[in-house]
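Each residue of the sequence shown is one higher than the one before, counting from 363 in the numbering used here.
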Amino acid sequence: MSAKKHTKTIKNTGKAAEVALPVLSKLEEIPPFEKLHPSPKQMEYAKEEITQIAKHEGVSDDEYSLGCVVRLDRGFPAVLCKHALLRAEFSSTLSKAKQTVAVGDWVCVRLPHTHDKGVIVAVCPRETELSRWKGGNRALRQVLAANVDKVLIAQSLSDRDFSLDRIARSILVALDCGCSADVVLTKCDLVKSPEKLQERIEFLKASLADNIGIIATCAQGNNADSHYISELKDAAINAGASWGIEGVYNAVPKGTIAILLGESGAGKSTLLNRLLGKEVLETGAVRDRDGAGRHTTVARRMVNLEGHGIIIDEPGLRSLPILGHEHGLALAYPEISKYVHDCKFRDCTHNHEPGCAVRHALEEGKFSRERLEVYLNLAKEMRESLNVIDPDILV
Ligand SMILES: Nc1nc2c(ncn2[C@@H]2O[C@H](COP(=O)(O)OP(=O)(O)O)[C@@H](O)[C@H]2O)c(=O)[nH]1
Ligand SMILES: [Mg+2]
Ligand SMILES: [Zn+2]
363 MSAKKHTKTI KNTGKAAEVA LPVLSKLEEI PPFEKLHPSP KQMEYAKEEI TQIAKHEGVS
423 DDEYSLGCVV RLDRGFPAVL CKHALLRAEF SSTLSKAKQT VAVGDWVCVR LPHTHDKGVI
483 VAVCPRETEL SRWKGGNRAL RQVLAANVDK VLIAQSLSDR DFSLDRIARS ILVALDCGCS
543 ADVVLTKCDL VKSPEKLQER IEFLKASLAD NIGIIATCAQ GNNADSHYIS ELKDAAINAG
603 ASWGIEGVYN AVPKGTIAIL LGESGAGKST LLNRLLGKEV LETGAVRDRD GAGRHTTVAR
663 RMVNLEGHGI IIDEPGLRSL PILGHEHGLA LAYPEISKYV HDCKFRDCTH NHEPGCAVRH
723 ALEEGKFSRE RLEVYLNLAK EMRESLNVID PDILV
């Protein structure tokens, strides 16, 4: 397949430029089909759809196959089927319905006879859907990945970048979408001392939802000698975190799919290269002036971890606004949210109001002040966006 055939004209650059999509057969990180598992529900759906569509088209069922979207390059899906890896476009019916897919979606494709592109004719229902609110209308959501089990939240430990708020909101979104979540702390070598690392991890443990694993990593130890790195490792383990590449492997066992989320420049591609054991993914230098990453990663793609699970590499997210994730808040902080319905005032912000059941529970030592603070910040933001859109929900 030639790269030249599949090009897209980039219109909003001012001048039109032809950008070639990567040649699929050259990509080393794509998982084997055997590692991808549709759910029984998805398999049944695909079987029924294929039978119906083939009948309607007057062709044999054999022309269709169930496949998984393993990449999106500038929005163009690549689908992996049992016997083929191919670019695919939507059938005219799906195009008219403005159908889109995300990495991880299971789709029914008509396999090409003469030309090398498949045609997506149906998209299977998702088991999980990780999506973010794009602002404006509640329905305006961008699906980041489909059918993932876990969200790995990449957070750089450099002082300039570290944000509890960003970690907390990512966890909220993950839990709300039916995924589990772990925090991957990157660039441990940039922490001032092992004590500081231990303090950071202990603070995170006190503030975040239970069952959130913390993995401290240093994918590029240029800035530190090995003795210092081993001190950092001890500090991380003392604080209850796991360490390094092994820690990430253990968080993504065989049979599972995780997505690595984090700001551009957080060190995701560098970490993935370490996990792969080779430099397959392009990494980007951080601009010195403001530390902001250049958007080097344009593709969303699955990366196969030999002997372990699969990670989806997601280009940096600039923002993760929260709206309508109140279920996630209740899942992350059940010990707090169970009191909100007992407050005297329906619109209680749990700050200063009389008859506040949440503050009463705090005084009784039912949960820590750290956790309440994170909860209140998330609830405040959600309340503000909810007020605009859906005034009936309590947080
Ligand atoms: N000091 C240090 N720098 C790192 C580490 N990991 C990544 N970087 C640097 O951070 C920058 C962004 O990394 P990249 O992997 O492209 O981030 P991505 O945008 O999240 O994929 C690059 O300049 C990397 O060299 C680390 O463990 N320590
Ligand atoms: Mg990257
Ligand atoms: Zn209250």
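Every residue, glycine too, gets a C-beta built ideally from N, C-alpha and C.
Evaluate residue i with the Cβ neighbour count: other Cβ atoms within 10 Å of its Cβ, from every protein chain shown; 16 or more gives buried, anything less gives exposed.
i, result
"Arg731", "exposed"
"Ser569", "buried"
"Ile716", "Reading off the sequence, residue 716 comes out as Pro, not Ile. Result: exposed."
"Phe452", "buried"
"Arg472", "buried"
"Asp596", "exposed"
"Ala741", "buried"
"Ser525", "exposed"
"Glu746", "exposed"
"Ala408", "buried"
"Ala382", "exposed"
"Leu667", "buried"
"Ala694", "buried"
"Arg562", "buried"
"Lys554", "exposed"
"Gly480", "buried"
"Pro394", "exposed"
"Tyr737", "buried"
Using only alpha-carbon positions, find the residue among the options that is nearest to residue i.
i, options, result
"Asp511", "His589, Lys700 and Ala543", "Ala543"
"Glu406", "Pro487, Leu594, Asp435 and Gly480", "Pro487"
"Asn509", "Val481, Arg531 and Gly540", "Gly540"
"Ser322", "Asp521, Val513 and Glu491", "Missing from the structure shown is residue 322; the chain here goes from 363 to 757 and no further."
"Lys549", "Glu688, Glu735, Val463 and Leu633", "Leu633"
"Lys558", "Gly575, Arg528 and Asn600", "Asn600"
"Ile392", "Val432, Ala416 and Gln414", "Val432"
"Ala571", "Arg708, Cys710, Ser631 and Asp538", "Asp538"
"Val545", "Asp478, Gly624, Pro402 and Val553", "Gly624"
"Ile674", "Ala719, Ala723 and Leu398", "Leu398"
"Leu519", "Leu434, Asn612, Pro696 and Gln560", "Gln560"
"Glu676", "Ser422, Pro474 and Leu434", "Leu434"
"Pro474", "Val441, Phe729, Val463 and Lys460", "Val441"
"Ala581", "Leu552, Ile574, His589 and Glu593", "Leu552"
"Glu608", "Ile515, Gly686 and Arg636", "Arg636"
"Val421", "Ile412, Val720 and Leu622", "Ile412"
"Pro696", "Leu679, Arg708, His714 and Lys728", "Lys728"
"Val642", "Val665, Gly437, Val702 and Ala507", "Val665"
"Glu688", "Ser681, Lys700 and Leu679", "Lys700"
"Val463", "Ser493, Val485, Thr455 and Tyr426", "Val485"
"Glu489", "Leu448, Pro400, Phe438 and Leu428", "Pro400"
"Lys496", "Lys706, Asn713 and Gly686", "Gly686"
Going by DSSP, name the residue or residues bridged to residue i.
i, result
"Ile674", "Ile621 and Met664"
"Arg449", "Ala440"
"Gly429", "Cys443 and Val469"
"Asp788", "One cannot answer for residue 788 here, as it falls past the ends of the chain, which runs 363 to 757."
"Leu492", "Ala507"
"Lys512", "Ser542 and Ala620"
"Gly480", "Ala450"
"Lys485", "In the sequence as displayed, the identity of residue 485 is Val instead of Lys. Answer is Val469, bridged to Val485."
"Ser518", "Thr548"
For chain C, is any of its Cβ atoms less than 8 Å away from the one on residue i?
i, result
"Pro402", "The chain inventory of the structure shown lacks chain C, comprising one protein chain alone."
Specify which residues have a beta carbon nearer than 5 Å to any heavy atom of ligand 3, listing them in chain order.
-> By the rule of a C-beta closer than 5 Å to any heavy atom of ligand 3, the residues picked out are Cys705, Cys710, His712, Cys718 and Val720.
Write down every uninterrupted run of the beta strand (DSSP E) in the stretch 522-608 whose length is 3 residues or greater and which is fully enclosed by it, in chain order.
-> Those beta strand (DSSP E) runs which fall completely within the stretch 522-608 and span 3+ residues are 542-548 and 575-578.
Any alpha helix (DSSP H) of 4 or more consecutive residues that is wholly inside the stretch 670-749 = Runs found: 688-694, 696-699 and 719-725.
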